[in-house]
Amino acid sequence: MTESAFQALAKQGYNRIPLVLQTFADLDTPLSLYLKLANRRYTFLLESVVGGERFGRYSFIGLPAKTRLRIFGRRVDVEDDAGVRETHDGDPLAFIESFRRRFRAAPLTDLPRFCGGLAGYFGYDTVRHIEPRLAAKEPPADPDLADIPDILLLLTEELAVVDNLAGKISLIVYADPATPGA
Numbered sequence: 006m007t008e009s010a011f012q013a014l015a016k017q018g019y020n021r022i023p024l025v026l027q028t029f030a031d032l033d034t035p036l037s038l039y040l041k042l043a044n045r046r047y048t049f050l051l052e053s054v055v056g057g058e059r060f061g062r063y064s065f066i067g068l069p070a071k072t073r074l075r076i077f078g079r080r081v082d083v084e085d086d087a088g089v090r091e092t093h094d095g096d097p098l099a100f101i102e103s104f105r106r107r108f109r110a111a112p113l114t115d116l117p118r119f120c121g122g123l124a125g126y127f128g129y130d131t132v133r134h135i136e137p138r139l140a141a142k143e144p145p146a147d148p149d150l151a152d153i154p155d156i157l158l159l160l161t162e163e164l165a166v167v168d169n170l171a172g173k174i175s176l177i178v179y180a181d182p183a184t185p186g187a
């Protein structure tokens, strides 16, 4: 991407602009790439499978997420490697939606629809925020000794997308045009 194309996207209001480098991945598998690039905390490997038996076309490797949403009950912590930088108490699903709206990513062509953003899990107790009859009931008073969040979402701004059909890998980094030197 040229600097003028980058600036044009920034002027259109995008605050996340994808920078993409494509190369061949014919000697690596998605798992070997994950082990080389992302084998640490706050990463993931998502594999697509068709029909439960055949390989899917794309594999997604999320590199270490700098920003994370950790949700316990109604408390939302937005954290980075330095610690909690924002706390919210209220409807966590509404907060997730408002957090998601903070980011406007320029579209990517020739790649699958998912190429970054929020990735993670919604645990069993998330249903308390969806089903009104369960929302009225108090959650169990037992302490969570494992300290496992009800919801954990990673803001994925650096990832590798493996095209298993074409034997290519796309390395994607989202740049914020407001950051000096982006």
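In terms of the working numbering, the sequence shown is residues 6 to 187.
C-beta: ideal position from N, C-alpha, C; glycine also.
Beta-carbon separation (whole angstroms), Y63 vs L50, contact threshold 8 angstroms:
Actually they are not in contact, since the Cβ atoms of Y63 and L50 sit about 12 angstroms apart, beyond 8 angstroms.
Provide the residue(s) that pair with Q27 in DSSP beta bridges, ordered along the chain.
DSSP output for Q27 lists S175 as bridge partner(s).
Since R80 is in the beta strand (DSSP E), which residue starts that stretch and which ends it?
R80 to D85
Hey, is the region 10-26 in contact with the region 85-104, meaning 3+ C-beta pairs nearer than 8 angstroms?
no
Who are the Cβ neighbours of A183 in its own chain at under 7 angstroms, not counting the five residues just before and after it?
N20
For V89, write down the residues that DSSP places opposite it in a beta bridge.
Residue pairing of V89 in beta bridges, as defined by DSSP: E84.
Determine the DSSP secondary structure at A180, reduced to helix, strand or coil.
strand
Whose C-alpha, out of R75, A99, F65 and V54, is nearest the C-alpha of I135?
Among R75, A99, F65 and V54, the Cα nearest to that of I135 belongs to A99.
Out of D31, D94, T7 and Y179, which has the shortest C-alpha to C-alpha gap to G78?
In terms of Cα proximity to G78, the closest of D31, D94, T7 and Y179 is D94.
Take D152 as the anchor and find which of G128, A171, L170 and T161 has the nearest alpha-carbon.
Nearest C-alpha to D152 among G128, A171, L170 and T161: G128.
List the whole-angstrom C-beta distance separating A110 from P23, where the pair is believed to meet the contact cut-off of C-beta under 8 angstroms.
Going by Cβ atoms, the distance from A110 to P23 rounds to 7 angstroms, so yes, they are a contact pair.
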